[in-house]
Structure formats: structure tokens, C-alpha cells
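Going by this note's numbering, the first residue of the sequence shown is number 1330, and it counts up by one from there.
Just so it is clear, CB atoms sit at the ideal spot from N, CA and C, and this is done for glycine as well.
In this text, all values refer to a predicted model and were calculated from it rather than measured experimentally.
Read through the structure below, which is laid out as C-alpha cells, and then see the notes.
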Amino acid sequence: VLTAGLDIAMNSDKKSSSNDSFAALSAWIPCLFVNPSDYICSEYVGYFEHRKKMEIGAGSIEKIAAQNSLGSLTMGAFGKECEPTHLIPSAILTVNLTPQHDCIEAHGIHQWWKPDLHLESKLHKY
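As C-alpha cells, then:
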């Protein structure tokens, strides 16, 4: 709700180029493979979970918030154009729920080669 409110307040008279990019990417559905113990890639898990919660009760607010990040809005407040490149409209998110020893192992590609993985896949469509 905060992100959507900031976007409306800051961009009420202009259409953001990041919104155009977000709409252009909406038909693309990449397959993302993430581990919640990986500090780098785990943000996608939270991003799509948050969007799902917003869809349940906030509708149009969710659509605005999904297209913006607090970082890009903050940069915009200081007059810097910053497109949130990590925000994607849709994805097939595969989460490796197999416990990892540390963040390095959770970020590595070798985890995906193990035969005893506990995976959860879900389609998130904008």
C-alpha cells in the first residue's frame, strides 16, 4: 500500500516508463529457480507472496505496487530515473525447500543437481 501511495503521489501527472516496461513484459513467463536461504534470489519468493496477498484484498492497489519498488520511487523523488529491473510481472517460481548449510550453498547451482530435492513450483501470472 505504501509503494502504491508513493507512486500515485509522485507520478500523478505522468506515466512512468517502468509501467510501460512492466506491461511489455507481462506476456513473458520466465522460469525462476530460487532457494529461500539464498539472500540474493529469495527476494522473488517474498515479492510474489506479497503480490498474492495484495490480489486477495487490494486489486488496483496491487497492480500499482507490483510495478514499482521503494528504491526506484526514492530515486525518482531525488530527480533520478531508476527503473526497477528486478520486478517482473509473471513467473513460474520453483522454490528449493531442501535445507542448505549456508547462503553460499543456497545460491550455488550444484544444489539443483541433487536427486533428493524438495521442490515447490507455482505459476504467478499478472
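Cα-Cα separation, residue i to residue j
{"i": "ASP1431", "j": "SER1366", "result": "7 Å"}
{"i": "PRO1428", "j": "SER1355", "result": "32 Å"}
{"i": "LEU1422", "j": "HIS1436", "result": "15 Å"}
{"i": "PRO1359", "j": "SER1419", "result": "7 Å"}
{"i": "LEU1399", "j": "ALA1353", "result": "Note that LEU1399 has pLDDT 44, beneath the 50 cutoff, so the model's placement of it is unreliable and the number below is only indicative. Those two C-alpha atoms are separated by around 21 Å."}
{"i": "LEU1452", "j": "LEU1361", "result": "10 Å"}
{"i": "LYS1382", "j": "SER1350", "result": "23 Å"}
{"i": "HIS1447", "j": "VAL1424", "result": "8 Å"}
{"i": "GLU1372", "j": "LYS1454", "result": "17 Å"}
{"i": "CYS1370", "j": "ILE1417", "result": "13 Å"}
Spatially closest choice to residue i from the options, by CA coordinates
{"i": "TYR1368", "options": "ASP1349, ILE1433, LEU1452", "result": "ILE1433"}
{"i": "SER1450", "options": "TRP1357, PHE1351, ASN1364", "result": "ASN1364"}
{"i": "ASP1445", "options": "LEU1426, LYS1454, TYR1455", "result": "LEU1426"}
Range of the contiguous beta strand (DSSP E) that encloses residue i
{"i": "ILE1421", "result": "1420–1425"}
The alpha helix (DSSP H) enclosing residue i, as first and last residue numbers
{"i": "CYS1432", "result": "1432–1436"}
query: Does the segment 1438–1446 come within contact of the segment 1374–1383, defined as at least 3 CB pairs closer than 8 Å?
result: no
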